[in-house]
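Comments concern the structure below.
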Amino acid sequence: MTDAVELCASADLVDGGRAVSFDVLYAGQSSRAFAIRYQGQVHAYLNRCSHIPMEMDYQEGQFFDDSGRWLLCSTHGAAYEPDSGACAGGPCRGGLVKIALSESGGLVRWHTGPHLKPLKF
Ligand code: FES
């Protein structure tokens, strides 16, 4: 069973712009996560690079490259597809862990799963 957790207002996510960060419990460990908008759709991932499991934004919320086309890890430059999290170049070893989102009524929500829970109840 999944629950929807309120994340932010739709207007907080601008296409190709800054991410909204949030915290989750993933497989029993607290982890940072982030949501972005790309080509009109919202997407969210664990903030964990597949190269080395560390956070990717040197500047908080800054995941897109200057062109707004790729999500970049600031550490060694791994590039990911914004809409799937798939590795698109650089030293990534696989894709990002995707988190289900939904958007309705001007709100964005993320969805819990078997390995994904809110940090605080
Ligand atoms: S830690 Fe992300 S590219 Fe190396």
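In the working numbering, the protein residues as written are 1137 to 1257. Every residue, glycine too, gets a C-beta built ideally from N, C-alpha and C. Since the model is a prediction, treat every value here as computed from it, not as a measurement.
Are the segment 1190-1198 and the segment 1238-1254 touching by the rule of at least three beta carbon pairs closer than 8 Å?
no
Residues passing the C-beta test against ligand 1 heavy atoms, cut-off 7 Å:
The set of residues whose C-beta lies within less than 7 Å of a heavy atom of ligand 1 reads, in chain order, CYS1185, HIS1187, ILE1188, MET1190, MET1192, CYS1209, THR1211, HIS1212, GLY1213, ALA1214, GLY1226, PRO1227, CYS1228.
Verify whether the separation of the beta carbon atoms of TYR1181 and HIS1251 is less than 8 Å.
For this step, residue 1181 is matched to residue 45 along the sequence shown. For this step, residue 1251 is matched to residue 115 along the sequence shown. No; because the gap between Cβ atoms is not below 8 Å, this pair is not in contact.
Is it buried or exposed, VAL1254, if we count other Cβ atoms within 10 angstroms and call 16 or more buried?
The residue you call residue 1254 lines up with position 118 of the sequence shown. The question names Val, yet the displayed sequence has Pro at residue 1254. Counting Cβ neighbours within 10 Å, PRO1254 comes out exposed, since fewer than 16 surround it.
Judging by CA-CA distance, which residue of LEU1232, TYR1174, SER1167, GLU1142 is the nearest neighbour of GLY1153?
The sequence position of residue 1153 within the sequence shown is 17, counting from 1. Answer by Cα proximity: TYR1174.
Cross-strand partners of TYR1216 (DSSP beta bridge)
The residue given as residue 1216 occupies position 80 in the sequence shown. According to DSSP, TYR1216 bridges with LEU1207, CYS1223.
Assigned exposure category for PRO1189 - 16 Cβ within 10 Å defines buried:
Start at 1 with the first residue of the sequence shown, and residue 1189 comes out as number 53. It counts as exposed.
Quick check on this structure: which residue in GLU1191, PRO1227, GLY1230 has the alpha carbon closest to the alpha carbon of SER1166?
Taking the sequence shown and counting its residues from 1, one reaches residue 1166 at position 30. The candidate whose alpha carbon is nearest that of SER1166 is GLU1191.
Name the one or two DSSP bridge partners that TYR1174 has.
Indexing the sequence shown from 1 puts residue 1174 at position 38. In DSSP, TYR1174 forms a bridge with GLN1177.
Rounded to whole angstroms, what is the Cα-Cα separation between LEU1243 and VAL1141?
For the purposes of this step, residue 1243 is taken as residue 107 along the sequence shown, with counting starting at 1. For the purposes of this step, residue 1141 is taken as residue 5 along the sequence shown, with counting starting at 1. Cα to Cα, LEU1243 sits roughly 10 Å from VAL1141.
Quick one: residues in its chain with C-beta nearer than 8 Å to the C-beta of VAL1233, no 5 flanking neighbours on either side, listed in chain order?
As a working note, residue 1233 is residue 97 in the sequence shown. Answer for VAL1233: TYR1162, TYR1181, LEU1182, ARG1184, GLY1221, listed in chain order.
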